[in-house]
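Participant:
Numbering (my numbering), first residue to last: 941 to 1381.
Below is the structure:
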């Protein structure tokens, strides 16, 4: 028997039931969630509430007002993805953005999927303009998912940037907008941080870009490090191993260059989070020269910067290399002792922790004997600049139990050397026997 002279056309896949409005049973174009937990199409539920003075949820019959409805951004994206995958267009006209911010996010996502760098750059510039205008705009952009859309766009165009000027321009525009919609959520961090090419691009901009571009890049790098090191959801998909050394170098370089206070503080936080992630990362930071850079920064730092620098220094001293470099730095111990009681209670506790790491005997430090000699010199130097008196004062003034334990332990370590040195004023470092630049106060 011959085959039939025609072929049947496969039926279009029906949308999932959760994509349908409970009122119209049609695919939702503008999904909004009610406090009752039910999501409706905005046009349908608004018509229901306005017709006949209805004030109840059609499904649960609980009290409901039009002002209680909020956009369901997650469902909106799922519906859009389903429409794209199934060549559907939500009633022939597509999803309706409820706000200009949602429209911009939809344009970003559409341009990214199409690989249209010019459209993406234009949408990113609009987002940046809005974010710079007011804090409430940044909140609306974050609620609309701008951070996730920008991060996905940056990751998508990073691979093509090397050979395409349009892609490079789009990346610059996206980065400028992304730096203004922080803090980034886990989905945004996963989008940009899981791409080795996008992280490498951020590092390159942070190292060699203009001042503003460097600031924007380190802000985003800091967000990636913070979330990937301390949140399991993002950390599970973000792998920075291919770029860790470059990240470490650019963090230390930016702190040293002091391009602006915001960039310095962002790098200090990133360095702290990275060092806290493990001794290996702390050792890499120490090898890159972080310890002397932080010590120099502490001399004239303001309160906020000093606290962050002390936190990063204390974390870096977890590694034996960090402790060795601190003991070898002629300014480290005097600067730390000087900062006790001069910044804040939190800073004083960090100083105490750092001094204990430097002065305390650690088995891994005594492999070749040089660490022991450096540790003894550090203790003597601490006594010379009045560490003993300040630790006693801290104990007398009262402190937390954890701080008290550290202070008592440090006291036991340094008191053995008390009779071997002559105490000098902590404000006058000319009495130190080690050659160093004199600190000015």
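Note that CB positions come from ideal geometry on N, CA and C, so glycine has one too. Everything numeric in this text was worked out from a predicted model, so none of it was measured.
For residue 989 versus residue 1004, is the C-beta spacing smaller than 8 Å?
Facilitator: The answer is yes: Cβ separation under 8 Å.
Participant: Closer than 6 Å by C-beta to residue 1032: which residues in its own chain qualify, once you throw out the five before and the five after it? Chain order, please.
Facilitator: Below a pLDDT of 50, predicted positions are generally treated as unreliable, and residue 1032, at 43, falls in that range; no measurement from the model is reported.
Participant: Skipping 5 residues on each side, what residues in its chain have a beta carbon closer than 6 Å to that of residue 1109?
Facilitator: Cβ within range, chain order: 1061.
Participant: For residue 1099, which of helix, strand or coil comes out of DSSP?
Facilitator: Correct three-state label for residue 1099: coil.
Participant: Tell me whether residue 1049 sits in a helix, a strand or coil according to DSSP, three-state version.
Facilitator: In the structure shown, residue 1049 sits in a helix (DSSP, three-state: H, G or I).
Participant: Grouping DSSP H, G and I as helix and E and B as strand, with all else coil, what is residue 1128?
Facilitator: Residue state, collapsed to three classes: helix.
Participant: Write down every uninterrupted run of the alpha helix (DSSP H) in the segment 1050 to 1114 whose length is 4 residues or greater and which is fully enclosed by it, in chain order.
Facilitator: Those alpha helix (DSSP H) runs which fall completely within the segment 1050 to 1114 and span 4+ residues are 1057 to 1073, 1075 to 1083 and 1086 to 1098.
Participant: Sorted by chain position, which residues of the same chain lie with C-beta nearer than 7 Å to residue 1075's C-beta, five sequence neighbours on each side aside?
Facilitator: Closer than 7 Å at the Cβ level, and outside the excluded window around residue 1075, lies no residue.
Participant: Determine the closest residue to residue 1220 out of 1255, 1243, 1051 and 1131, with distance taken between C-alpha atoms.
Facilitator: For the residues 1255, 1243, 1051 and 1131, the minimum Cα distance to residue 1220 belongs to 1255.
Participant: Leaving aside the five residues before and after residue 1000 along the sequence, list all residues of the same chain whose C-beta is less than 7 Å from its C-beta, in chain order.
Facilitator: Excluding residues within five positions, the ones whose Cβ falls inside 7 Å are 976 and 978.
Participant: Just to confirm my understanding: we take residue 1190, look at its own chain, exclude 5 residues before and 5 after, and list those with CB closer than 7 Å. What are they?
Facilitator: Excluding positions up to five away in sequence, the list reads 1143, 1146 and 1147.
Participant: Which residue from 981, 970 and 953 puts its Cα closest to that of residue 961?
Facilitator: The option with the nearest alpha carbon to residue 961 is 981.
Participant: Out of curiosity, what's the CA-to-CA distance linking residue 953 and residue 1216?
Facilitator: About 50 Å.
Participant: Do residue 1350 and residue 1299 have their CB atoms nearer than 8 Å?
Facilitator: A contact, by the Cβ cut-off of 8 Å.
Participant: With burial defined as no fewer than 16 other Cβ atoms inside 10 Å of the residue's Cβ, what is the status of residue 1346: buried or exposed?
Facilitator: It is buried - the Cβ of residue 1346 has at least 16 other Cβ atoms within 10 Å.
Participant: If you drop the 5 nearest sequence neighbours on each side, which residues of the same chain put their C-beta closer than 7 Å to that of residue 1276?
Facilitator: Contacts found: 1291, 1294 and 1295.
Participant: Measure from the alpha carbon of residue 1092 to the alpha carbon of each residue in 1139, 1329 and 1222, then state which is nearest.
Facilitator: Residue 1092 has its Cα closest to that of 1139, out of 1139, 1329 and 1222.
Participant: Note down the Cα distance separating residue 1315 from residue 1303, rounded to an integer number of angstroms.
Facilitator: Cα to Cα, residue 1315 sits roughly 12 Å from residue 1303.
Participant: Just to confirm before moving on: does the CB-CB distance between residue 1204 and residue 1210 stay below 8 Å?
Facilitator: Cβ distance not < 8 Å, so residue 1204 and residue 1210 don't count as in contact.
Participant: So is the beta-carbon of residue 955 under 7 Å away from any non-hydrogen atom of the ligand GTP?
Facilitator: Among the ligands in the structure shown, none appear at all, so the ligand GTP cannot be discussed.
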